[in-house]
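Chains A and B, in that order, give the protein sequences.
For the first sequence, the residue numbers in my numbering are 126 to 531.
For the second sequence, the residue numbers in my numbering are 126 to 531.
There are 2 protein chains.
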Amino acid sequence: MSFTRISEIGEFALIDRLATLIAPTESQLSTLKKGIGDDCAVIELPNGKLQVVSTDLLIEQIHFDLLTTPLEHLGAKAISVNVSDICAMNAKPLYATVSIGLSNNISVEMIEQIYEGAARVAKQYGIAIVGGDTSASITGLVISVTIVGEVDASKITYRSGAKAGDLICVTGDVGRSFAGLKVLMRERQTMLDTFAENPDMDKSTYTADLSEYQKAIEKHLLPKARIDAVKFFHEVGLVPTSMIDVSDGVGSELKHLCRNSQVGALIEESKLPILSETREISDEFEDDGTTYALFGGEDYELLFTISPNDFDKLSSFKDVHIIGKVLDASSGVKMRDLFGTDIDLQSASGFQHFTEEEDLFEDDDDAHDHDGHDHSAHNHSAHNHNEHNHNGHDDEDEDIWGERKN
Amino acid sequence: MSFTRISEIGEFALIDRLATLIAPTESQLSTLKKGIGDDCAVIELPNGKLQVVSTDLLIEQIHFDLLTTPLEHLGAKAISVNVSDICAMNAKPLYATVSIGLSNNISVEMIEQIYEGAARVAKQYGIAIVGGDTSASITGLVISVTIVGEVDASKITYRSGAKAGDLICVTGDVGRSFAGLKVLMRERQTMLDTFAENPDMDKSTYTADLSEYQKAIEKHLLPKARIDAVKFFHEVGLVPTSMIDVSDGVGSELKHLCRNSQVGALIEESKLPILSETREISDEFEDDGTTYALFGGEDYELLFTISPNDFDKLSSFKDVHIIGKVLDASSGVKMRDLFGTDIDLQSASGFQHFTEEEDLFEDDDDAHDHDGHDHSAHNHSAHNHNEHNHNGHDDEDEDIWGERKN
């Protein structure tokens, strides 16, 4: 048998190969509307509703570090990132299963903390945790969550419905989670250095004042799925033409929406909702905050497109920003930067990890859904902004997103 | 925070504590009929049908060893053990998600083999694989499968419906999977010893003739979920009064059924369907084949109870054995051995791993569902048969299972 490294063929090719293998099984479920390739699989229910299903695997040292992640937060985040996938279909989450692989340095109290976090946010989202599996693990902690939701067939939102002329919107703010991760990773190193220098130190006495970074750290450790936005859409009868949750960064997700919808897009850097807290951290790390927003990931905001006719319906939802416009596929996927230069986002990396020179499999840094959707977003692409193709000299530099200003 | 080892409180107490934590979330799903505590969670669908959901986490070195497990078999088994949980509810499996955590020594071809196995048996079971998550893992291979099925409300079968007087039945044969595991574990050691003695050996040239053990090895590596039995039940209109799949061994599963149904049971050792192949292997290891059947596990047969009135309906299903009778709770859970002695199965270990003296968390050997259901069954209890309470001197030694002979 030949031995092909995943990095040799790339993430999308791997997913395509796996999808080919399981395609013959998909045809056995006549009610299956969508298998691999979106935030959720979609199955018809008898009453005209659709069931949506998503699953995420969180693995220690790949998706989280126990030195910097309180267990209660970890349990909460495991639920939230799954609820976020349900939200991305414009659906209502109903129930989840939570499986845990436990390494032998985990106590009963620690397991309880994970479940307390999961149960706390499950209550907030109105979902039930209905079961799971608990197993030993010889290595690290593993959490696997599967979530099931429901939506009227008339309201389901795929990645594939965006049309030229649609407005591109994003909830909340972006890039902040990655800024928080940067701070946590630095703190982790400081902690390890301190312990190494003081081998006799009582580790429980270690303290650090991270209060100035609190907003960013909180966003990273305790992201909230935007179920409020989905509720709003349902209340005002707004069905986005396409939607995806921001687990990889706005730039990466925009490319997914465009590829799935066979359209192009132009977003404007100045419209990206990036908080000053995020900019301050990126400045501190001598990074570009825009890159955190585009490719940092784990914000779990919703990136979606709406018909311009629905613009008024959106106006009473305050926590949303229109950042650009859908264009024909021939226009490519671009961002107009602060200098009026159109940057080709498709030539920038940030999502197709396995094809990058650096082997991210050895870099604590690569998790990818079957849908080509990364949930790890650790450090992997914030340094790639320099590779962007500043192709410049575009002559259109008028405001492209209609009248609404953020 | 105090640090309580799982072994200090035991598996059931841990599950109870986790169940208490998530109970407040369960009440949020008004359609939830059953959360933690059976082979599947059960949710009402709009058309009067019930949805059943189960999930299993398979972790390298806990549930499988890549030295002795072909990847194609591993993918197949991951699906089969989940389908088996759906069968245990008397339900029809519909679709599954398959998530994989990949260590960096795994090639594209190896991942494809896992999926080929999963897809192959998914086709046999008539289910669709609708999605999943693929992630890096810094240590070992992790497979998480969640499966969804459906059943008419009138046909759902829980662990809790057995009544005194019911007949206790098991499909196929039992103990064989554990016999296969014993052979594989011995072979694994031989292999490791050979490699250690011949460090320059080309490992791919290693061969072993295990053909005489083929039936047992096949049962262990490629168990088949008994979807045929469920189809038969539906065809003849037979609804078992209780059912569970044999992942832990007939003795352990019988105790689950009795605890959940609040009944007692008496099974007869001579009626246990144990093949000569299984006995030959247990003899070779100087073990007792009956113990393999009672506590070895991973047979993935169905253990169920039926009303004596349904006896005739069962008669045209050939691959089933009546092994005993349900009694009042006060009678305990016992097996009448070949000498006519009633052995108390409840005092034997084999399922409550964490309370055993030996810390199985350090023994490659403990995986347990929220439902108190073990899926690892590696070596853990086959040596415990001697602890059985041979309380002897029972005066009832007539045939307890009615007229049908196996």
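The C-beta atom is built at its ideal place from N, Cα and C for all residues, glycine as well.
These numbers were taken from a predicted model, which means no experiment stands behind them.
{"Check": "C-beta neighbour in chain A for L317(B), strict 8 Å", "Outcome": "no"}
{"Check": "Stretch-stretch touch, CB-based, cutoff 8 Å, three pairs: the segment 380 to 396 of chain B with the segment 331 to 342 of chain B", "Outcome": "no"}
{"Check": "Neighbouring residues, chain B, relative to G374(A) (Cβ below 8 Å)", "Outcome": "Those within 8 Å of G374(A) in chain B number zero; the least Cβ separation is about 18 Å."}
{"Check": "Three-state secondary structure assigned by DSSP to L157(B)", "Outcome": "strand"}
{"Check": "Per DSSP, the bridge partner or partners of L254(A)", "Outcome": "First, the residue type needs correcting, since residue 254(A) is Ile and not Leu in the sequence shown. Beta-bridge pairing links I254(A) to A221(A)."}
{"Check": "Residue(s) in a DSSP beta bridge with G226(B)", "Outcome": "S260(B) and V267(B)"}
{"Check": "C-alpha gap between R313(A) and K307(A), whole angstroms", "Outcome": "10 Å"}
{"Check": "Amino acids of chain A, ordered along the chain, whose beta-carbon sits closer than 8 Å to that of R130(B)", "Outcome": "S232 and V233"}
{"Check": "Any alpha helix (DSSP H) of 4 or more consecutive residues that is wholly inside the segment 413 to 477 of chain A", "Outcome": "436 to 439"}
{"Check": "For L143(A), three-class secondary structure by DSSP", "Outcome": "helix"}
{"Check": "Three-state secondary structure (DSSP) of L397(A)", "Outcome": "coil"}
{"Check": "Simplified DSSP state of V364(A), which is helix, strand or coil", "Outcome": "coil"}
{"Check": "Test: G274(B) CB closer than 8 Å to a CB of chain A", "Outcome": "no"}
{"Check": "C165(B), DSSP secondary structure in three states", "Outcome": "coil"}
{"Check": "Stretch-stretch touch, CB-based, cutoff 8 Å, three pairs: the segment 252 to 260 of chain B with the segment 148 to 158 of chain B", "Outcome": "no"}
{"Check": "M318(B) classed as buried or exposed, judged by whether at least 16 other C-beta atoms fall within 10 angstroms", "Outcome": "One point to set straight first is that residue 318(B) is Asp, not Met, in the sequence displayed. Classification for D318(B): exposed."}
{"Check": "T296(A) and V451(A) closer than 8 Å at C-beta", "Outcome": "no"}
{"Check": "Environment of T180(B) [buried if 16+ CB atoms lie within 10 Å]", "Outcome": "buried"}
{"Check": "Best match in E169(A), T332(A) and P433(A) for proximity to S279(A) [C-alpha to C-alpha]", "Outcome": "E169(A)"}
{"Check": "Contact with chain B by I134(A), beta-carbon distance below 8 Å", "Outcome": "yes"}
{"Check": "Helix, strand or coil at A321(B) [DSSP, three-state]", "Outcome": "helix"}
{"Check": "7 Å Cβ shell around T264(B) - same chain, five flanking residues per side excluded", "Outcome": "S228"}
{"Check": "Reduced DSSP category for A247(B) - H, G, I as helix; E, B as strand; rest coil", "Outcome": "helix"}
{"Check": "Where V308(B) falls: helix, strand or coil (DSSP)", "Outcome": "helix"}
{"Check": "Within chain B, partners of Y425(A) - CB distance below 8 Å", "Outcome": "Under the 8 Å cutoff, chain B gives no residues; its nearest Cβ is about 15 Å from Y425(A)."}
{"Check": "Sequence-distant residues of its chain with Cβ nearer than 7 Å to F89(B) (five each side left out)", "Outcome": "Outside the displayed span of chain B (126 to 531) sits residue 89(B), for which this structure offers no information."}
{"Check": "Within chain B, the residues that P171(A) reaches when beta carbons sit closer than 8 Å", "Outcome": "L170, P171, N172 and K174"}
{"Check": "Bridge-paired residues (DSSP) for S179(B)", "Outcome": "I272(B)"}
{"Check": "Near-chain A residues of the segment 256 to 268 of chain B - C-beta to any C-beta below 7 Å", "Outcome": "G256, G257, D258, T259, S260, A261, S262, I263, T264, G265 and V267"}
{"Check": "Within chain B, the residues that P149(A) reaches when beta carbons sit closer than 9 Å", "Outcome": "A244, A247 and K248"}
{"Check": "Closest Cα partner of V458(B) within the set P398(B), T145(B) and E393(B)", "Outcome": "E393(B)"}
{"Check": "Min CB distance A304(B) to chain A below 8 Å", "Outcome": "no"}
{"Check": "For D210(A) and L400(A), the rounded distance between their alpha carbons", "Outcome": "24 Å"}
{"Check": "Test: T332(A) CB closer than 8 Å to a CB of chain B", "Outcome": "no"}
{"Check": "S224(B) vs G257(B) beta-carbon contact at 8 Å", "Outcome": "yes"}
{"Check": "Coarse secondary structure for T332(A), derived from DSSP in three states", "Outcome": "coil"}
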